[in-house]
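Below is one structure; the comments refer to it alone.
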DNA sequence: CGCACGGTTGAGGACATTCAAAAAACGTGG
DNA sequence: CCACGTTTTTTGAATGTCCTCAACCGTGCG
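Protein chains in written order, with my numbering: chain L, 1 to 240; chain X, 1001 to 1240.
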């Protein structure tokens, strides 16, 4: 699956710069605003595999994850599913869903989160330009990330997708300089996120391990051995 | 950014429910609001293959397409590219790009469009709740569509992707009940949109033709022979 | 201890890509 | 209007990647 136009190749591609940079900025703003709503927030939690909200449900709340990991997925009748994204502490779910949730949110690991009634949330926004622009920024970022992932799935091969996934998980979990990455989700979830089969995910990890780019002490921990190389692989078939 | 406003049509949807329904509602609101800005709008036009805005450019304007077709694409150095979406008359580009465009916009066919200075646009929004909620809806829709496309690229095979593409183009170009679909973009663009090679797109079209689902009188015209079947194919390996 | 479950690895096959070439469409200039 | 060169589209054959099916391994738990 590569596709693409042109198969020319020239590009030294130093092997670094993300070719599809999406600013991965923490959205401080929104969190602050939400803190002000604490009085009306519900504190909830869920254990592994529980459904927090199902696609099609009335979007009565906006959720902010305080701990754990959740997946945003789309299920179809015949068992196939696609996982749009994984959310971690500080991430927000439901902001873009005006009336009904477009995706299901399910707990990957034990989760605690705050649920803000949408009505209250909206009311607050009406008098607050700053909050609104934060929401705007949040939605824009969500679009940019969806497009980045679209590029990943459309243009990268299995090994590159897995590498890109690891890089992204590193960023999302703030483990920018660390070497030890915790992957709370099972392989099947990674597969459904990347548009691969579970076996292919395993094989891609094995390949990266064989190249000494990563180590896999156990199934849920990845040790980054060569982050530069990992990023290079993640950005496409430049030199691989 | 992408995406757009989209098109109405509640569509009888004969065939079966789209497994990933995205409300394809026309955003009347935005167009009306924009009309009020006519005084400040620039009227531009471009011919085939011209770049209207490049990724990374300062997002000084919000564009509304009045005629023609443009593609929103992401290019990488080695020649690969991904086309996030195609825009038609009435669609909006640049709304989600606060400072810089995340995607390039290029004319697929001769294009005329209106460019609204972002500053003016933003100022209008500050005093207008209705406009703001239209923008919000626009961004939400863009996210939903990106997710739908993500599902398509992650879970469907070549024939299904091409079928889904045809269905979507039918909807976008308001040709809900018609049978004659005009495809202004070259095969390579379709391939880069669907994450396939150009040859595979051709073969998928040939397969649909062989099944008597479509006819292809010439490369840029598709005649729908069995829309119900097309929708069934587009929604995945359920009963095909 | 034995079972269940998630993960890993192997073999074979399906599907999409690549390379190659022919056919059709397009534009230009005579 | 036609001839010509260029570009786009289509088809064919071979290759490669990823998927499917299946067995195996390791860990955790009753």
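All C-beta atoms, glycine included, are put in the ideal place defined by N, C-alpha and C.
For residue 167/L, three-class secondary structure by DSSP
helix
Would DSSP call residue 173/L helix, strand or coil?
Residue 173/L: coil per DSSP, three-state reduction.
Contacts that residue 1206/X makes with chain L (C-beta to C-beta distance below 9 angstroms)
Under the 9 angstroms cutoff, chain L gives no residues; its nearest Cβ is about 18 angstroms from residue 1206/X.
Report yes if the CB atom of residue 194/L is closer than 8 angstroms to the CB atom of residue 165/L, and no otherwise.
yes
Please say whether residue 96/L and residue 142/L have beta carbons closer to each other than 8 angstroms?
yes
May I ask you to report which of helix, strand or coil DSSP gives residue 1276/X?
This structure gives no information on residue 1276/X, because the portion of chain X shown stretches from 1001 to 1240.
So which residues of chain X does residue 129/L contact, with C-beta pairs closer than 9 angstroms?
1126
Would residue 1137/X and residue 115/L qualify as a contact pair, given that the criterion is a beta-carbon distance under 8 angstroms?
no
So residue 1236/X contacts chain L; which residues on that side make the cut at Cβ distance below 8 angstroms?
76, 78, 80
Check the C-beta distance from residue 1040/X over to residue 1120/X and give it rounded, since I have them as a contact under 8 angstroms.
5 angstroms
Smallest Cα separation from residue 1223/X: which of 1205/X, 1112/X, 1067/X?
1205/X
Along the region 135-154 of chain L, where does the CB come closer than 8 angstroms to a CB of chain X? Name the residues.
135, 136, 137, 139, 140, 142, 143, 144, 146, 147, 149, 150, 151, 153, 154
What does DSSP give as the partner residue(s) for residue 1223/X in the beta ladder?
1180/X, 1215/X
Quick check on the DSSP output: what are the complete beta strand (DSSP E) runs of length 3 or more inside the region 66-132 of chain L, in order along the chain?
DSSP runs (the beta strand (DSSP E)) wholly in the region 66-132 of chain L: 70-75, 81-87, 104-107, 111-117.
Note down the Cα distance separating residue 1149/X from residue 1162/X, rounded to an integer number of angstroms.
12 angstroms
Residue 196/L: first and last residue of the uninterrupted beta strand (DSSP E) it sits in:
Careful: residue 196/L lies outside any beta strand (DSSP E) and carries neither H nor E.
At which residues does the beta strand (DSSP E) containing residue 44/L begin and terminate?
42-46
So is residue 1229/X in contact with chain L if we call contact Cβ pairs under 8 angstroms?
no
So, residue 94/L versus residue 65/L, is the Cβ gap smaller than 8 angstroms?
no
Please report whether the beta-carbon of residue 102/L lies at a distance below 8 angstroms from any beta-carbon of chain X.
yes
Taking 8 angstroms as the CB-CB cut-off, is residue 1053/X touching chain L?
So, not an interface residue.
Contacts that residue 1090/X makes with chain L (C-beta to C-beta distance below 9 angstroms):
Going along chain L, no residue has its Cβ under 9 angstroms from residue 1090/X, so there is no contact; the nearest lies around 19 angstroms.
Name the chain L residues whose beta carbon is nearer than 8 angstroms to that of residue 1098/X?
136, 137, 140
Whole angstroms is fine: what's the gap from residue 1070/X's alpha carbon to residue 1234/X's?
Looking at the two C-alpha atoms, the distance is approximately 23 angstroms.
Proximity of residue 1154/X and residue 220/L at Cβ, strictly below 8 angstroms:
no
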